[in-house]
Amino acid sequence: MTANNELIGRDDINDLEAILSVSNTDVNAVDHGVSATFDSVFTWDYERTRPALGKLYEKAKTSQWNVTTDLDWSTPVDQEALALNEMRREDVKFFGDGIDLAGTPFAKWTEKEWVELAIEGQNWTLSQFLHGEQGALICTARIVETVPWIDAKYYAATQVVDEARHVEVFAKYLDEKLSGHYPINAHLELLLDDILMDSRWDMTYLGMQIMVEGLALAAFGFMHQMTSEPLLKQLLRYVMSDEARHVAFGVLSLQEYYKELSDAEMKDRQEFAFEAAVRMRDRFLQQEVWDRMGVPVKDALELVMADEGRKIFQNILFSKIVPNCKKLGLLDRNQGWLRERFTELGVIEFEDWVDTGEEYTLLDEVAKDREQAAAAGA
Ligand SMILES: [Fe+2]
Ligand SMILES: [Fe+2]
Numbered sequence: 001m002t003a004n005n006e007l008i009g010r011d012d013i014n015d016l017e018a019i020l021s022v023s024n025t026d027v028n029a030v031d032h033g034v035s036a037t038f039d040s041v042f043t044w045d046y047e048r049t050r051p052a053l054g055k056l057y058e059k060a061k062t063s064q065w066n067v068t069t070d071l072d073w074s075t076p077v078d079q080e081a082l083a084l085n086e087m088r089r090e091d092v093k094f095f096g097d098g099i100d101l102a103g104t105p106f107a108k109w110t111e112k113e114w115v116e117l118a119i120e121g122q123n124w125t126l127s128q129f130l131h132g133e134q135g136a137l138i139c140t141a142r143i144v145e146t147v148p149w150i151d152a153k154y155y156a157a158t159q160v161v162d163e164a165r166h167v168e169v170f171a172k173y174l175d176e177k178l179s180g181h182y183p184i185n186a187h188l189e190l191l192l193d194d195i196l197m198d199s200r201w202d203m204t205y206l207g208m209q210i211m212v213e214g215l216a217l218a219a220f221g222f223m224h225q226m227t228s229e230p231l232l233k234q235l236l237r238y239v240m241s242d243e244a245r246h247v248a249f250g251v252l253s254l255q256e257y258y259k260e261l262s263d264a265e266m267k268d269r270q271e272f273a274f275e276a277a278v279r280m281r282d283r284f285l286q287q288e289v290w291d292r293m294g295v296p297v298k299d300a301l302e303l304v305m306a307d308e309g310r311k312i313f314q315n316i317l318f319s320k321i322v323p324n325c326k327k328l329g330l331l332d333r334n335q336g337w338l339r340e341r342f343t344e345l346g347v348i349e350f351e352d353w354v355d356t357g358e359e360y361t362l363l364d365e366v367a368k369d370r371e372q373a374a375a376a377g378a
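Take 1 as the starting number for the sequence shown in the working numbering and just add one per residue.
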């Protein structure tokens with residue numbers, strides 16, 4: 001059995017020292033190269049034999065939207081007022097009631113510091129979305145080259161355009177409406193590098209379409225529900241309609257491919273999924289924000305990790321990943337290896353939630369708005 005240490009560089013998933021020992025040491029870099037060896041695959045079989053992917057491709061062609069013209073960029077955004085409003089809501093507190101702040105750096109904090117934390121947290125979160133979106137852009141360009149099926153190449157090409165749009169929309173929102181950028185979080189960067197260094201085409205899918213995008217879909221959904229800022233709400237609504245298709249693309253493709261894989265090959269995929277899940281959990285600890293707030297990072301994270309209320313929120317981020325892994329057979333192959341790991345991570349409870357193989361039709365908000373606009377104009 002492969003030990004945790006070999007997969008994630010530590011024995012205990014919650015080893016805070018080890019988590020913090022990973023940090024971005026090159027925050028001023030303007031680019032970052034990842035070396036990889038893979039085959040660019042031509043297929044001479046142009047027959048359309050995968051109707052589910054064909055349907056997805058048709059949907060993608062009609063549900064394109066335009067960052068510059070489909071969103072109202074004249075919407076004023078007052079980040080401080082929004083943070084203040086949010087803070088004053090009784091139901092949204094950074095730390096839950098069970099956490100005693102006496103004797104911690106937070107005991108002396110006034111409203112000013114909590115507002116600053118909310119603002120930095122938002123700058124950080126949107127910055128990580130931006131970097132993750134660029135990861136998706138690069139990964140799907142890779143899939144166009146490496147996947148051996150024509151239907152999948154067609155679909156992946158539409159996703160490249162979607163991801164360019166997502167990078168564009170988050171970069172524009174950060175520049176025009178928020179108050180600062182953060183460099184990529186080291187755990188996210190490690191994960192994207194791992195995905196891109198793997199030469200097997202299905203690993204790009206597993207890492208990006210199932211794990212990173214599954215988490216993004218849940219995170220966007222959560223933010224969409226929480227924010228009262230109309231431009232961000234609308235932007236997320238549109239990004240989510242694209243993301244639901246992307247995750248479906250992963251589920252539909254891997255479902256077919258995994259049927260042919262041996263136990264040993266599936267074990268590789270299970271380990272990869274586990275490693276990705278841990279990296280994403282680590283990234284959500286937002287260590288860079290504590291640093292910028294001038295709070296000892298380890299002290300802050302000990303409180304964060306002890307906070308049961310926050311755990312519930314963090315676990316929700318896995319609500320798309322776990323059912324999709326189950327649908328792909330990843331949870332239960334090899335005597336339930338991944339089931340055990342997800343139990344250890346505390347996220348197995350989502351296994352029977354809806355998977356994303358078909359959900360994209362329900363989440364197509366772009367199509368809904370178009371229909372409504374057409375009906376109003378008729
Ligand atoms: Fe995206
Ligand atoms: Fe995506």
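Glycine included, each C-beta is placed from N, C-alpha and C at the ideal position.
Relative to ligand 2, is the shortest distance from any of its heavy atoms to the C-beta of residue i smaller than 6 Å?
i: E243; result: yes
i: H224; result: no
i: H246; result: yes
i: E213; result: yes
Identify, in the order they occur along the chain, each residue of the same chain with its Cβ nearer than 7 Å to the Cβ of residue i, setting aside the five sequence neighbours on each side.
i: A306; result: I99
i: L338; result: Q270, A273, F274, C325, L330, L331
i: V304; result: L285, R310
i: V354; result: P323
i: R10; result: N4, A18
i: F220; result: L236, V239, M240, E243
i: E168; result: V67
So, for residue i: in the same chain, excluding its five sequence neighbours on each side, which residues have a beta-carbon less than 6 Å away from its beta-carbon?
i: N24; result: P183, A186
i: T49; result: none
Evaluate residue i with the Cβ neighbour count: other Cβ atoms within 10 Å of its Cβ, from every protein chain shown; 16 or more gives buried, anything less gives exposed.
i: F249; result: buried
i: V34; result: exposed
i: G207; result: buried
i: Y154; result: buried
i: R245; result: buried
i: G135; result: buried
i: I312; result: exposed
i: N28; result: exposed
i: N383; result: Any question about residue 383 goes unanswered here, given that the chain covers just 1 to 378.
i: S127; result: buried
i: S74; result: exposed
Can you give me the Cβ contacts of residue i inside the same chain, cut-off strictly under 8 Å, excluding the 5 residues immediately before and after it?
i: L16; result: K298, L301, E302, M305
i: D263; result: R333, N334
i: D151; result: R48, T49, R50, L53, G54, Y57
i: T43; result: P148, W149, I150, K153
Quick check: does the Cβ of residue i come within less than 6 Å of any heavy atom belonging to ligand 4?
i: A136; result: With respect to ligand 4, the structure offers nothing, as its ligand set consists of ligand 1 and ligand 2.
Less than 8 Å between the CB atoms is what I'm expecting for residue i and residue j, so what's the real figure, rounded?
i: L328; j: L254; result: 5 Å
i: E229; j: V77; result: 6 Å
i: T140; j: V160; result: 5 Å
i: V215; j: I138; result: Contrary to the premise, residue 215 reads as Leu rather than Val in this sequence. L215 to I138, Cβ: 17 Å. No contact.
i: V247; j: T356; result: 4 Å
Is residue i a contact residue of ligand 1, with contact defined as CB to any heavy atom under 6 Å?
i: E365; result: no
i: H131; result: no
i: E168; result: no
i: E163; result: yes
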